[in-house]
Structures are given as C-alpha cells and as structure tokens.
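Colleague: As given, the protein sequences belong to chains Y and C, one line each in that order. FYI, in numbering that gives the first Met the number 0 the residues of the first sequence are 0 to 544. FYI, in numbering that gives the first Met the number 0 the residues of the second sequence are 0 to 732.
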Amino acid sequence: MVLPLLKDWMLNNFNVNLDYVRPAQPEFSAADLPSPVINKPFLEDLQTSGLEHSLDCHDRLFRAHGHTLNEIWALREGSFNRIPDLVAWPTSQVEVMQMVQLANKHNVVIIPFGGGTSVTQALECPSTETRMIISLDTSQMHKILWLDEENLTACLESGVTGKEIEQRLASRGFCLGHEPDSYEFSTLGGWVATRASGMKKNIYGNIEDLVVLVRTVTTRGLLEKSCNAPRTSSGPDLHHAILGSEGTLGVVTEVVVKIRPLPECQKYGSVVFPCFQDGVSCLREVARQRCAPASIRLVDNEQFVFGQALKPENNSLVQSFLDGIKKAYLTRWKGFDINKMCVATLVFEGTLKEVEAQEKRVYETAGKFGGLPAGEENGERGYFLTYLIAYIRDMGLQYGIIAESFETSIPWDRVTDLCHNVKDRLRRECKAMGMQHEPFASCRVTQLYDAGACVYFYFAFCIRGLSDPVKAYEEIESAARDEILACGGSISHHHGIGKIRKKWLKQSISGVGVDVLQSIKRTLDPQNIFGNGNLFDAAVPISKL
Amino acid sequence: MIRAIPSSKFFLHVCAKQSAGWVLGDFCRLVALQLCSSGSIRRAMSFSPKRKGTYEEILHHRSQQSDVGWSLRSYTPPQYRYCSPRRPIDVGTAVLASPIIRHTVLQLSEEDESSFARLEQEAEAIVKEMGHDLGMGAIRLFAFVLSKAWRRIYKAIYVNSEHLTKLQGLCKDYPVLLLPSHRSYMDFLLMSYVCFAVNLPVPVITAGADFMSMKGVGSLLRKSGAFFIRRQFGSDKLYWAIFTEYVQSLVRNGDAPVEFFLEGTRSRAQKSMGPKLGCLSAALEPYFKGEVADIYVVPIGISYDRLLEETLYAYELLGVPKPKESTSGLLKARHVLSGDYGNIHVSFSAPISVHDYFRAGVDRSVHATLPRYMSSHSVEEVACTQSLAVDVLLQQQKAIVLSPWSLVAAILLQHSQPGGMGVAERSQLEGVGVAELAEEVHWLKLQLENFGGRINWPGGYTTEAILMDTLTVHSDLVSVSNENRVYLKHVDDVKSKNAALDPVTMATAVRHLTLALYRNQLLHVFQNLGLVALVVTGSQENEISLEDLYKKFMFLRNLLCKDFIFRPCDVEKDFNGVLLGMKHTNAIVQENNHILVAPSVNKCTVFMSRMFEPFLVAYWVLCQFLLTHNRASWKIRDIIEGTQGLEAAMLNHGMLHHYEILSLELLSNAVNGLIHCGAICREKAANGNPSLLAKPFELSKVATEIASMVTVPTCDDAAAYVKILAVPLSAKL
C-alpha cells in the first residue's frame, strides 16, 4: 500500500523527513540475552512428564515482552535483563494442571502467555525474580470443545485467537462478536485475564457479559462453577475475581461463551461534526436513547486530519476531483472549519431492516447536533486505521517518532473536558521536556455506556534530541494519567493495570480494596507461583520472613 | 469582599456608606471631565520617555496619532481556544439553566417551602442585577474619551511588556484571571484601557454593587465589562450559588479574562490588605473539578504618582463624613481636570499557572465521585487557595513601581527628635531645605533599592531635579518657597462625628494621613527590616541574641499580621533574608550569634523603626484603652471609637505625636491583630451577636512588649487621660 500524503503529514507534525532513519539493532543472539535460571529438579520432572517445552533463546525472548512502548524499544535499541527461562506449550487443561503442580512443587514461577499483545508490561518478567520463570504459552490450546446451538453457547480453549474464533464460528453460521483492536493475535484467555472490551460491545457486550463459565487452574486446583446457567446468586461472583486478574491467580484454560447467529447485514457509516463538542453531545444523546449501533466512535480533529493523510494513492483524477468537491461543500456551504471538524465512524449490524432503521435514527440524531453523513468509505477507513495504527507505530520508530496510546472511561459530563485537559497536559509536558515540536495529541471516544464513555488517546512525538526517549514517554504518560484521574476518569477501561499503572491502584480501589485482592491472592497462590507482579506487589508469605 | 471578617465589617461599612455619595460625585466629575475635555495635549514629558527598560508608554506615544483612529482601530485580541462565542446575555441564561442553580432552587423550595416559581423569579432578578454587558462599543468610547481626558492630567501611562507576549499566548490556551492591586477607582477603567491598548482581551470585572445603583454610570460600567456583586450577602444560598456559577461560567467558557480585586475593596491606606477568598476560590473551582486544564493568574501592580482620591481617603480613614457636594466641590472638580497627576505604572507580573502552583498540594480526583454541580473544596484546596492569594498580593507589591513622592512622604513624616516636633510640623512652620530633603531622598532611595523596591527614577537626572518634579505634581500638599524651602500646605479645620476629636487635631491628622498614604506604598519593601529595626533600636542591652531577636520578630509579625502581608510559613526565611541584607548594608553588626546593639543603632535602623513606630503606638493605646475600661464584652465599633478618642486626647496633650494613629483602618487592624495574638477573643453574646472579650493579662503583656520597643507615655499618664475621658465616653457608650 502506498500512502502518498503521510510524508507531508509527518513533516508538518513532527518536522521529520524520511532521510532521518533510526535503524533497529540486529536480532539478539543467545549471548545478548540473560542465561536461563535453571531449577534442576523441576527440569528433570518436566522432562519425565513429557510436556512440550523449550529452552531456546528466541522462544524465550519472544515471550519476554508484549507491545508496550518500552518493550518494543528494548527490542529495537535496548536489551532485556530478565526473560523467561523456559517456554512450555501445554495442549489441554490436564497438561496445564500438571504444569502448575510441578511448578508449585518446585517453587517455580509461571507467567501465562496468550497472544502477547499486552500494552501494560504485564508480560515483563520482574527483574528481581530469582526463581526459575516458565512462560506458559496457551497457543496449543485452541480448540472449540463444543458448540450448543440451542443455548447459543460454545466452550472454547483459552489459547484461541479472536480471528480464529470468528472464522471457525462463521463456518457454522455463528459469531462471538468480541473484536478488540488486537483481535488478530489476542486470545480468549487474555481477554478474560484483562477484562477486555470489544469494538462491537453495544450488541455483543464486553468480555464479562460474554462469559458463562470460566475454568481456571490455580495452585490449589481448578476454580470453576457447577453449571452453565445464565446468572446465579451465590455470593460474590467468582468470575469477577478471575476477570482482570492479569495472570496473578492462575491460568484460564476453558471458557464457555455466548455466541450469536451471524448478522445478515453489516454496514459502515460516518458522520462529520462541526466540532468535537457537538460530536460528544451527539454520542451522549445516542447513549441516552440507547440506540447505539454495533460500534460508534468519534475521532477528534487531529485524528481526522491524520486519517486524511492515510488515504491511499488516488490513481484516478476523478477521485481527487470528487474529494475536492466534498471538502468545498463542507467548508464553504456548511461552514465547517477544517481545523475544528471531527468525524464519527459507525458500524451497523443486524437484519437489513434493523440496519436501515438504526441508520435512520442515528443520522437523525446526528443532524440535531450539526452532523452530516459522510459516507461508508470514510467509516470503513476509520476502522481499518485502527488495525493499521499498531503497524504505523512500529514504522514511526524507524523515523524517530515514538507513539503510544492509552485509554480511560469517564462519566458523560466530563468527557469533553477530559479530552481537552489531557491533550493540553501532553503538549505541556513535552514542552517542559524541551521538545522543539508540539507532539501529536489526539483522542477518540470509542465506547458508549449509559453513564459514560471510553476515551482513547493517541500520542506521538519526535525523539530527536532526547537522551532517554522511553523515560520521557513514561513520565509524560504518567502525568497524563494523573490528569485523567483528576478529571474524574478511571485508571483503565480495558488495557488493565499490568506494571505501568500499579502506582495508582490503591488510589483507585482504596487500601481496603487492595487488601481484599491480596487475600484472594494469598488463598489461591500462597507461594506466589503466578509471580508476574501485575496489579500490586504480592505480600511476601510470612513463612519466608 | 464577600465574607469580610466580622470585626472589619464595621470599618468597611463606614467607608462604604461614606463613599457611596462620593462615588457618584467622583464619577460625575470623571464623566464631566471627559466630555468637556478638548484641551491641548501635555507636551512636557522630559521625565516620561516613550520607553523605559521593559516599560512602554501607551497614552501619548502611539503610532496612530488620532484618538478616533486609535479607538476605532482593528482590535483582534487572542481568544480562548475552547470558547464558544456567546452574547453577554447568554451568560445569564446559561447560569439560570445550570445544574447548580436548578438544584439550589429545588433544594431551597423544599427547605423553607417557599414557592418554586418565586425562587426562580428571584434567581432571574439576581442574574439580571449581576450581569455584565461587555461590548466593544463602550470600550471604544472609553478608549476615546479616556485618551482625551487622561492626556490632560497624566504625563504617561507605562505598561511593562516583558510578560505581555506570553500572556497573549496564554489567553489562547487557558482561562486567565487578572488580579490588580486596588488603590483607586481608576483601576478598573485603567485595566480595560490598558488591555485594549496592548491587544489583550478586555476583561469582565467583578465590581461592588454600590456602583450599580448610579443612574447611567451603572449601565455604562456594565457595557465596559463590569458585573456587580453585593457587598454582603451572608448566608443567602441562592445568591451565593448564582454568584459562583456566574464567575465559573465565565472561567469555563473563557469568554474574557475575569478581573477582580483580591483585597475586595480599595485599599484606602494604600498598602495591601488581607485577601478575601470568595471570588478567587469560586474562580478556581473549574480547575479543581477538572473543567479546565489550567487557569493562569496574573498579579498586576498599579501605581499612581498622585491619587485622584488622596484627601478623600484621609477623611475616610478618619471616619469623617464627607462634605456636601457644593459649588466648592464643583470648583474642586475643575481643579481635578486641570491638575498634574504625574505617571501611572501598570506592572504585569509573570502569570502564575494554578496547575503548577497546586500540583504538589492538591489531589483533584477527590471530586470524582460527586456530581459536578455540588460545590465542595477540600481542605487542601482551601489552604492552597489562601496561600496563592497571599502570593498574588506579594507579587503585586513586588511589581508596583513606587513614586519618588513616597520617599518624600516617608521623610516628611519622620520626627526629627523623639518626642519633639516632627519634620511634618517643622515643614509647616519653617520648611525644609530642598537640598537637605534631596539628600535624605537619595539615601532612602538607596535603601529601597537594596531591599528590592522598584522606583520610578528616570536616568540622567539629579536627585534634586527629580525631587522638584515630584514636588510640582504634589503642589496641592506642598509648596516650595523662593528660598528653596519646602512647606506643607495648611488644611482647613475638619469636624468629626467623634466628639472627642477637635477640628484642629483632625486637620493635622488629615495632613499627616495624606502623607502617610504615600509612605504606606513603600512599607512592604521594609516590613521585615522595620520589625528587626524596632527590636534592635528598642533594646536596653548591649547585645541581643539571634534567638531573642527572632522571638520578638515573630511577636511583631503576629501582631502586625493584619497591617502587612506576610507568608506565615516564611517567617524563618524572611528573618534570615532580612538579617543578611542588613548585615550587607551595615545596618546591623553581628558577632557570633549576637547582634551588637550600639553599632546597630544607626541611621538606617532608627529611620526604619520610626517609620513603623506609629503602628505599634496605635496598638499600644488600644491595649491601654481596653485595660482601663473594665467591661464584660465589647463591640468592635466601641473599641475603635473609644481608642480614637483616647488617642486624640493624648495627641492634644503632647503625649503622642503620630497623628496617623487616628486612622480607623489602623485601629480595626489592631483589633484583629490582637485577636490573632489571643489578647482579645471573639464570643457570641446571648442574643447571638458577635462580641469581643478583652483578656487583660495578654493585653498587658502585649502592651509591655510594645513599650519595650517604642517610646510611649507612661501607663500612669495614660490612665489619667482615660479618667478625664471616662465621663463623656461612658455617657456615650
């Protein structure tokens, strides 16, 4: 694909041109990586058990990181001081249970690994860990165990990726409908462990709405419910102890999920608004009326302009001519300011009739806030951009541009202020660090709820002249998170805590809340076998003192 | 302004009452002055060049020569990026429709069962009474008329440009609060005029409701951006809600910078008064609630070489009812028209980012679990707001450019010998030689600069030339004879309400106080120095340990906390700082951990201690008054009037010679200072009214402490005079 406008956009926004390149370092060799810590008795037992495993350095490195900026940076220009010492590929729940028992017996750490798409350093091995670390890769557990058409449920193994699920279910006329931006790679188990959210949650729900039953292997045995009933009242829902546990309590092995018949019709759409505030007001109204289509996202002006820069090459003169007319119509006739307007992208799903009715209602509502329908193509490109953006980020690094995203959720009345304030904070922090050029700070509202919305921030800056770009980035993101909390936003909507947001957990859920989590951890994993160090630092067992 | 502490209410009340009439007169004068002004533009500007350092002249030196052209020029100030443009009337509509007002109305209607509709009507009426009506028409008219008028009376208006570019940029990104010092009615017209001239957005201004009732003037002020707040609205919840929401609506939307006066009212005594926090905390709430990313606060120091209200202030401070408007008043108005009022300096301090200021001390996320309309300030927010307010006042003081006349006034007020006739008296009878005065002025100027004061001192002129220039500006107060001697002018006898004050005493007091106003303008530079000097010069020992000095310094800071602006947490820093400065200028001599008294009693310390002496004397008399009158409870008004009477008696008998101590503001501050020190305590009387209780033990301790530093009459003498006074006084009380 050729993106002819991107070069100019980069020049304008970061003052970088393509002559400046920061090449990635050559691939790591075994000598560049920390040598494995070996627990001999464990290794012997493992070998006897016949479970598939590997001590190969590249297998280990691949599972030492997710996609957090500093991890990608370490791959390109840095180094790792702790990586898993061994990788294991169990193929079933039974094998997972064997693995966990072995680990528990020999006091070896297990870090469950799914798709490796974490953006919170959740996969990072704690550098202070002296025990042997096993990366438990679930990728060999990718079967659909059964499918119940009558109850519209399916039992899946946890290592199956989003893309696989949809492909296989589609072949039988069903879908799951859970589409996080990472769904090409991320796995069902990972979604459960992080409380994931999918683009089309308005129809299908988030992961916590989709699960009927979760099986988790802990050091104390299997944690599961006794039936596939849709809802139970039996004390606090233990699924919620596992949802969002980020691999600190056990390995999610099997999940019974709700499925839906494939929709008859799927259609993209888009609406342009004169300014961001109008767009937010429209989304708020859509949420109030509870008439949101499968997905509705509002991107701000910065991202709208960026999206324009990602338009593929126009081969035909007619097309660029038409683009010109569209722009003139909006700006001259409708009084839109090209520097203020923003766009909402839409996905409709359902029967033909339903989609039609939804479209009508949404476009009518948008009209009340000055929104104009802007065609299917713009909408589709918007969603495509979502998947593209991770690749663009990696490309940006090559030209000295660091980019990252973070998200939050917040009550409706604070959405606009949050967007303004966080973007302002990003610009200010960059300036305070002496950056010559303003960063690219942009946001979009990606999910609607009755009481609020999920907001996603994209942020990029040129690293030329910075001695430690990753540290700079981390400081800036930390300041931005402070600002989010100050504005009344949450610590995270769906990325999770991992290691990068641990410092705000207590503030977010209170000291008592942390104690509750600690006591669950203590009960399920007294030896801290699942010692990836996410969420909070597990209290050291008294016996060890 | 909003929540004047009870004991100072009395004073404000008196002043407000008196000034209501004056206001009208003044404004008639101003307007008349503007309309009939067509005279020639003052040319004599040798002391007022176009540019002085970072200061630029904006009144006379303009690229566009014609005032019409200038006032109608294209004016495109920066605008806040998230502002949705609206008409002034829409602000009121938005306020009435806001959740907080709807909620408050609902709550009130449930509480006291008054009808919902009536409350809504009331709310509408309040918004209507409050609302500004800022429009460029009025601004341009003012720009034209004021240019004409001011050129006749001012040599120059200087504005410092160092922060202007930054400020213009900030106006685009953040809401801005302009916080000028407030020492004249002129301040707010001047601020709008300056903003128009330097291409800043013209502010909306919080003004006291006493202006509002004036026909014509009220609406003209509204059109130039004023919105009106009642002076006191106590516990009126609806009014409070509307007021805060009105201010916040302006801040949130960033329609225009919001300007208000932290001190709440004009500082008649010409030194900063303690901040009133109502307006500031209301204006900062949008930041605390995360409604805006930041707010920038701009302290601005405005100084006038000569005040339009100088004698008026002296009268007000003495509590004298204003003379009726009369032909002579009109003549005086014409006098204003043609007078020479010297220069004005408007100094913008570096804008303060509220976010940076509060970053460490405030956790804004505490508001996350309450609906936004619910007003709540955390303890930390209140404390930080208070601290910010004090810092803004200090910045204003730092920014203020003093007039050489302040030096002259300080010197003229000084007494040549303890207990003897002061220069002020001498200069009325035999005058002071210009050369002698120039020498003193030069000396004081050096001290001022050593301790961080800023003064308007044009380069390339001799002290004598500058002195003569400032004497000309103040020819209402002083005259220079053919023999080059400076004389204070005579003031007509003045009648007081307080029977204990005779006309001659009052006349002297007016003369002293008028000078004291200008002297007060420079006191902040020496406030710490003065306190150290008082301790050192009062000492009977050969040496003072630093520890003792610090203790006494602390005592004075606590006592004088209402008269001067101190940061309580900076005591030690200020103390060390001033000691260092004094050592460097040889004002004190330190050996090991002791100050040697003999070499430390020198011109500098004596001058400074005398400058601050009147304050302590007034506090002392107040203590004596309370100690000799045995009453269960006091009203602040009775204490102040009684003390004023006692002071007058002592002045008449030559026991005291600081006529400025008759100032009601000083006495009001003294009461509050003594409350702060625990020598007077606040109580609620049986009928619910606040009353004060004197604590004899603490009072006599304070009095003794003061007597150890400054010369006061013996207590027996004082008691004797109290007895003389007792009969009429108690009859009156």
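Glycine is no exception: its CB is placed at the ideal position from the N, C-alpha and C atoms. In this text, all values refer to a predicted model and were calculated from it rather than measured experimentally.
1) Return the first residue and the last residue of the beta strand (DSSP E) that K266 (chain Y) is part of.
2) Classify R130 (chain Y) as helix, strand or coil using the three-state DSSP reduction.
3) Assign V22 (chain C) to one of three DSSP states: helix, strand, or coil.
4) Which value, in whole angstroms, describes the spacing of the CA atoms of K222 (chain C) and S346 (chain C)?
5) For G300 (chain C) versus S348 (chain C), is the C-beta distance shorter than 9 Å?
6) Helix, strand or coil, according to DSSP, for G168 (chain C) in the structure here?
7) Does the distance from the C-beta atom of T513 (chain C) to that of L661 (chain C) stay below 9 Å?
8) Counting beta carbon pairs with one atom in the segment 483–494 of chain C and one in the segment 366–375 of chain C, are three or more of them shorter than 8 Å?
9) Of the choices C:K236, C:L673, C:I138 and C:T384, whose alpha-carbon is the least far from that of Y286 (chain C)?
10) In chain Y, what lies closer than 7 Å to R363 (chain C) by C-beta?
11) Could you give the residue range of the beta strand (DSSP E) that holds R296 (chain Y)?
12) With 16 other CB atoms within 10 Å as the buried threshold, where does Y267 (chain Y) fall?
13) Just to confirm my understanding: we take V86 (chain Y), look at its own chain, exclude 5 residues before and 5 after, and list those with CB closer than 7 Å. What are they?
14) Excluding five sequence neighbours on each side, which residues of the same chain lie with their C-beta closer than 8 Å to the C-beta of G217 (chain C)?
15) Looking at C-alpha atoms only, which residue of C:L311, C:I88, C:L261 and C:Q269 is the closest neighbour of S248 (chain C)?
16) Which class does T710 (chain C) belong to by DSSP, given the choice of helix, strand or coil?
17) Does E403 (chain Y) come within less than 9 Å of chain C when only Cβ atoms are used?
18) Looking only at C-alpha atoms, which of Y:C264, Y:T247, Y:F275 and Y:A479 sits nearest to R358 (chain C)?
19) Going by alpha carbons, who is nearest to A515 (chain Y) out of Y:L534, Y:S126 and Y:V213?
20) Which chain Y residues sit within Cβ distance under 7 Å of E290 (chain C)?
21) Is V118 (chain Y) closer than 9 Å to N531 (chain Y) when the C-beta atoms are compared?
22) Please determine, among C:I241, C:F525, C:G168 and C:M610, the residue with the shortest C-alpha to C-alpha distance to R453 (chain C).
23) When burial is assigned at 16 or more other CB atoms within 10 Å of the CB, is E545 (chain Y) buried or exposed?
24) When Cβ atoms are compared, which residues of the segment 420–440 of chain Y fall closer than 9 Å to chain C?
25) Could you run through the segment 65–88 of chain C and flag, in chain order, every residue whose CB is less than 8 Å away from some CB of chain Y?
26) Would you call the CB atoms of A365 (chain Y) and V298 (chain Y) closer than 9 Å?
27) Leaving aside the five residues before and after S544 (chain C) along the sequence, list all residues of the same chain whose C-beta is less than 7 Å from its C-beta, in chain order.
28) Would you say F272 (chain Y) reaches chain C, if we count a Cβ-Cβ gap shorter than 9 Å as a contact?
29) In whole angstroms, what separates the C-alpha of F143 (chain C) from that of A452 (chain Y)?
30) State the DSSP-derived secondary structure class of W332 (chain Y), mapped to helix, strand or coil.
31) Give the residues of chain Y in contact with A367 (chain C), contact being defined as C-beta atoms less than 7 Å apart.
32) Is any non-hydrogen atom of the ligand NAP found closer than 8 Å to the C-beta of L222 (chain Y), if you look at the structure I gave you?
33) How many angstroms separate the CA atom of V391 (chain C) from the CA atom of Y472 (chain Y)?
34) Is the separation between the beta-carbon of V251 (chain Y) and that of A195 (chain Y) shorter than 9 Å?
35) For chain C, find out if any of its Cβ atoms is closer than 9 Å to the Cβ of R287 (chain Y); answer yes or no.
36) Measuring only the C-alpha atoms, how far is S186 (chain Y) from V90 (chain C)?
Modeller: In brief:
1) Boundaries of the beta strand (DSSP E) harbouring K266 (chain Y): C264 to F272, taken from the DSSP string.
2) Here R130 (chain Y) sits in coil by DSSP.
3) Bear in mind that a pLDDT of 44 at V22 (chain C), under 50, signals an unreliable position, so the number given afterwards is only what the model happens to contain. For V22 (chain C), the secondary structure class from DSSP, reduced to helix, strand or coil, is helix.
4) Distance between the alpha carbons of K222 (chain C) and S346 (chain C): 25 Å.
5) When the beta-carbon positions are compared, G300 (chain C) and S348 (chain C) come within less than 9 Å of each other.
6) Correct three-state label for G168 (chain C): helix.
7) Not in contact: T513 (chain C) and L661 (chain C) (Cβ atoms no closer than 9 Å).
8) No, the segment 366–375 of chain C does not touch the segment 483–494 of chain C.
9) Per the Cα distances, C:T384.
10) Residues of chain Y passing the Cβ test: A485.
11) First-last of the beta strand (DSSP E) with R296 (chain Y): S294 to V298.
12) It is buried - the Cβ of Y267 (chain Y) has at least 16 other Cβ atoms within 10 Å.
13) Taken in chain order, the residues that qualify are H52, S53, D58, R59, R62, S134 and D136.
14) Same-chain partners within the cutoff: F210, M211 and F227.
15) Selected option, being the one with the closest Cα: C:I88.
16) Assigned with DSSP and collapsed to three states, T710 (chain C) falls in coil, not helix or strand.
17) Output row for E403 (chain Y): interface = no.
18) Comparing alpha-carbon positions, the option among Y:C264, Y:T247, Y:F275 and Y:A479 lying closest to R358 (chain C) turns out to be Y:A479.
19) Reading the sequence as shown, one finds Val at residue 515 (chain Y) and not Ala. Looking from the CA of V515 (chain Y), the closest CA among Y:L534, Y:S126 and Y:V213 belongs to Y:L534.
20) Ordered by position in chain Y, the residues that pass the 7 Å Cβ test against E290 (chain C) are D416.
21) Remark: C-beta atoms of N531 (chain Y) and V118 (chain Y) do not approach each other more closely than 9 Å.
22) It is C:F525 whose Cα lies nearest to the Cα of R453 (chain C).
23) It is not possible to answer for residue 545 (chain Y), since the shown part of chain Y is limited to 0 through 544.
24) Listed in chain order, the positions of the segment 420–440 of chain Y with a beta carbon within less than 9 Å of a beta carbon of chain C are N420, V421, K422, D423, R424, R426 and R427.
25) Among the residues of the segment 65–88 of chain C, those with a Cβ less than 8 Å away from any Cβ of chain Y are Y81 and S83, in the order of the chain.
26) Contact flag unset, no.
27) Leaving aside the five residues that flank S544 (chain C) on each side, the residues in its chain whose CB is nearer than 7 Å to its CB run, in chain order, N592 and H593.
28) For F272 (chain Y), no CB of chain C lies under 9 Å from its own CB, so it is not counted at the interface with that chain.
29) Straight-line measurement puts the Cα of A452 (chain Y) at about 52 Å from the Cα of F143 (chain C).
30) Correct three-state label for W332 (chain Y): helix.
31) G487, listed in chain order.
32) Ligands in the displayed structure: none, and consequently the ligand NAP is not present.
33) Going by C-alpha positions, V391 (chain C) is about 34 Å away from Y472 (chain Y).
34) No; because the gap between Cβ atoms is not below 9 Å, this pair is not in contact.
35) Taking Cβ atoms only, chain C never reaches closer than 9 Å to R287 (chain Y), which makes this a no.
36) In the sequence as displayed, the identity of residue 186 (chain Y) is Thr instead of Ser. Roughly 52 Å between the two C-alpha positions.
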